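Residue numbers (the numbering used here), protein chains in the order written: chain X, 1 to 399; chain A, 1001 to 1399.
Backbone N, C-alpha and C fix where the C-beta goes; we use that ideal spot for every residue, glycine too.
If you're wondering where the values come from, they're calculated on a predicted model, not measured in any experiment.
For reference, the structure is listed below as structure tokens.
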């Protein structure tokens, strides 16, 4: 009997999440007993609304365009299943049954893996013959077990390359100046740390790196800047949006009262530190918030990242064919530096977070170690084909 | 007798200003009587300090790498010559004489053309046998006489392509949301207007465009957003950093008192409008400031732009060989849509600004006309070769 499948995407965008989607679709299309491949629009909410499109009718060319396009082709949601709401589960599994769904694939981060875990438990408890498979993605790289997450390598490529370009911009004036770049990652500093890959023989930027794993001190920060300005004219700082003081308060919410540092809703960490530098050091200072560009700049995707994302999607299909459920494919770093794919129970990943090891942060708390750089190096490698139309980037049309 | 030349760059960076530099150098290297080609580091200030490098010894490969690199290879300054300071002029022309400078080429915007104008006047008044030639650049496109400025086309490519990527990011959630993108251009709205090139058959972003040429009304802005939200879930707004209310006050400095809208130093126009939308419309809203990325993202340079910038540099050499001085090469749009190069007196350009014609802005003051789109279309076309090393963009080493 032919089998049908359902795929959905959830959480925040990465430039690799569509590659995982296409990895699943391509692997399913290679099977002889695949009937329909459905995509749910807007994640598990789309399942509840039966908001489905049929991906099995797409041409290889269309699938390839989706693979290299930004954000999430199927749309997203931020919706947590409530374990007390049995009706919701009944409804979802009724819909799965009606569409003859053999496996439900959910691509997302640790919140989305919570959905995978709950659906899997419900299916097991109720002896429902279905497989629920999670596929990881997040630019934050904060999932446990997997060596790194799809989406992270592309974000690394973007932030490091962008800081190189910013270093040229900062270099032009023959005067002291400080440039602060604010990077995404509210609780974990992986992406901020990865800005270190911008450095080469002549670029020292970022000269200072601050991660949320280490309590942030304004006093130490100013001393760090002053010390750098004794050695060089331009100082580039990479700072995580999520840095907190030693009481656990976000710097972004204002380091002091709001009268002095502006309304908290108006100030990210970078902007607050810009103001602090201006007030205390009286040098030219600017802050740049890379914002959503870190997660949607598909034109700077890492080929290594998109290839892995695609392969993890294919591996998820393999798991389903082995009748496994409640699993998530992971990347394993081998001793020779290559990567292989394996799987873990989604229970090991859901609702948990992986932080930058403190041993990979220097003693001053303002830089990362070479060990961390070695970890990061392979992730941004390789470039993808780009399509420009009349000089403007072009991707796949919206659904 | 062999002739030597001096080139300098000034003002803010563009990704095309190095192409003009190399256009000058290549044209000079093609002449049989060229002796030394000097580059002054940090503009006219570098001249005063005799802070010179010798570009005539560079290999064609090195020159080609400089052509495609961000910011200003020679560094910049923001320095206005003071006409009352005769000593400064004497010093500059003494240095020109000592280095046997036949022509001084100054690449910059309308402020830099002021320097060209003053040096040319001084040379004429004192019968000094030297040519002073300006070469235009600015991402702001606000120079008079020339159809458009080198650097603008690349910035157009960057902002329009980036807004397309942001449109995908904004599209993923099935809920109302507003995204505001703040674009550079304090007095003229050319670059903000150019975000319209992001639109295609399925992307409506930017749905609203606000330029500094039209007084900005918060009330009208909120009505515009509300009206769009009746038709569509996602609204993307492009707004110039320089929008002002009908009293001429910058929106960026706070639309009301600083207690309500945050310290003015902490809020760009986009951030202020984000807060206004949040307070009045209670929908999800985010602002993105493209910041220096608009002027330093060489990886998204327009080949048309860099080619023109290079050709204008070469044309500047032609002007010098014709013994012309106080001139600036310009781009002329022909009736068939192609561009030719001509020249104008720098007096027509220095200290003046070109604004978006009001006839190219719609009656509502929240969009641009098709005539403007036709004007913009050719400018971002074509892509340049990129060089990645271990997955990170790489450019020419600093001097």
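Which residues in chain A have a C-beta closer than 7 angstroms to the C-beta of residue i? List them in chain order.
i	result
residue 398 of chain X	1171, 1202
residue 377 of chain X	1390
Which residues in chain A have a C-beta closer than 8 angstroms to the C-beta of residue i? List them in chain order.
i	result
residue 69 of chain X	1168
residue 198 of chain X	1392
Please list, in chain order, the chain X residues whose beta carbon lies closer than 7 angstroms to that of residue i.
i	result
residue 1072 of chain A	172
residue 1333 of chain A	Those within 7 angstroms of residue 1333 of chain A in chain X number zero; the least Cβ separation is about 17 angstroms.
Does the Cβ-Cβ distance between residue i and residue j come in under 8 angstroms?
i	j	result
residue 1395 of chain A	residue 168 of chain X	yes
residue 1101 of chain A	residue 1028 of chain A	no
residue 386 of chain X	residue 379 of chain X	no
residue 56 of chain X	residue 37 of chain X	yes
residue 1368 of chain A	residue 1160 of chain A	no
residue 1024 of chain A	residue 1346 of chain A	no
residue 1071 of chain A	residue 1296 of chain A	yes
residue 91 of chain X	residue 48 of chain X	yes
residue 1352 of chain A	residue 1110 of chain A	yes
residue 1350 of chain A	residue 1151 of chain A	no
residue 1131 of chain A	residue 1324 of chain A	yes
residue 99 of chain X	residue 217 of chain X	no
residue 177 of chain X	residue 283 of chain X	yes
residue 191 of chain X	residue 243 of chain X	no
residue 1188 of chain A	residue 1354 of chain A	yes
residue 1172 of chain A	residue 270 of chain X	no
residue 1146 of chain A	residue 1331 of chain A	yes
residue 252 of chain X	residue 181 of chain X	no
residue 1329 of chain A	residue 1341 of chain A	yes
Would residue i be called buried (16 or more neighbouring beta carbons within 10 Å of its own) or exposed?
i	result
residue 260 of chain X	The pLDDT assigned to residue 260 of chain X is 36, lower than 50, so where the model puts this residue is not dependable, and the model offers no usable value.
residue 18 of chain X	buried
residue 13 of chain X	buried
residue 1001 of chain A	exposed
residue 87 of chain X	exposed
residue 1336 of chain A	exposed
residue 1124 of chain A	exposed
residue 97 of chain X	exposed
residue 114 of chain X	buried
residue 212 of chain X	buried
residue 33 of chain X	exposed
residue 1305 of chain A	buried
residue 141 of chain X	buried
residue 1234 of chain A	buried
residue 1307 of chain A	buried
residue 9 of chain X	buried
Any beta carbon from chain A within less than 8 angstroms of residue i's own beta carbon?
i	result
residue 395 of chain X	yes
residue 206 of chain X	no
residue 289 of chain X	yes
residue 42 of chain X	yes
residue 302 of chain X	yes
residue 284 of chain X	no
residue 415 of chain X	The question about residue 415 of chain X has no answer here: the residues shown for chain X are numbered 1 through 399.
residue 157 of chain X	yes
What in chain A is Cβ-close to residue i, meaning under 9 angstroms?
i	result
residue 382 of chain X	1388, 1391
residue 13 of chain X	1168, 1169, 1172
For residue i, return the contacting residues in chain X, with the cut-off set at a CB-CB distance below 9 angstroms.
i	result
residue 1108 of chain A	Here the premise fails: no neighbours, minimum Cβ distance about 12 angstroms.
residue 1149 of chain A	None at all; the shortest Cβ gap to chain X is about 17 angstroms.
residue 1354 of chain A	The contacting residues do not exist; residue 1354 of chain A stays about 22 angstroms from chain X at best.
residue 1297 of chain A	162, 165
At 8 angstroms on the CB atoms, spell out the chain X contacts of residue i, in chain order.
i	result
residue 1075 of chain A	171, 172, 173, 174
residue 1045 of chain A	174
Please confirm whether residue i has its beta-carbon closer than 8 angstroms to some beta-carbon of chain X.
i	result
residue 1293 of chain A	yes
residue 1118 of chain A	no
Secondary structure, alpha helix (DSSP H): runs of 4+ residues fully inside the region 1324-1376 of chain A: As far as the region 1324-1376 of chain A is concerned, its whole alpha helix (DSSP H) runs of at least 4 residues are 1370-1376.
Whole runs of the alpha helix (DSSP H) within the region 19-79 of chain X, excluding any shorter than 4 residues: Listed in chain order, they are 43-48, 60-67.
Continuous beta strand (DSSP E) assignments of at least 3 residues falling wholly in the region 1118-1163 of chain A: Counting only runs of 3 or more residues that sit fully inside the region 1118-1163 of chain A, the beta strand (DSSP E) segments are 1131-1136, in chain order.
Uninterrupted alpha helix (DSSP H) stretches inside the region 175-247 of chain X (no shorter than 4 residues): Inside the region 175-247 of chain X, DSSP marks whole alpha helix (DSSP H) runs of 4 or more residues at positions 190-194, 218-231, from first to last along the chain.
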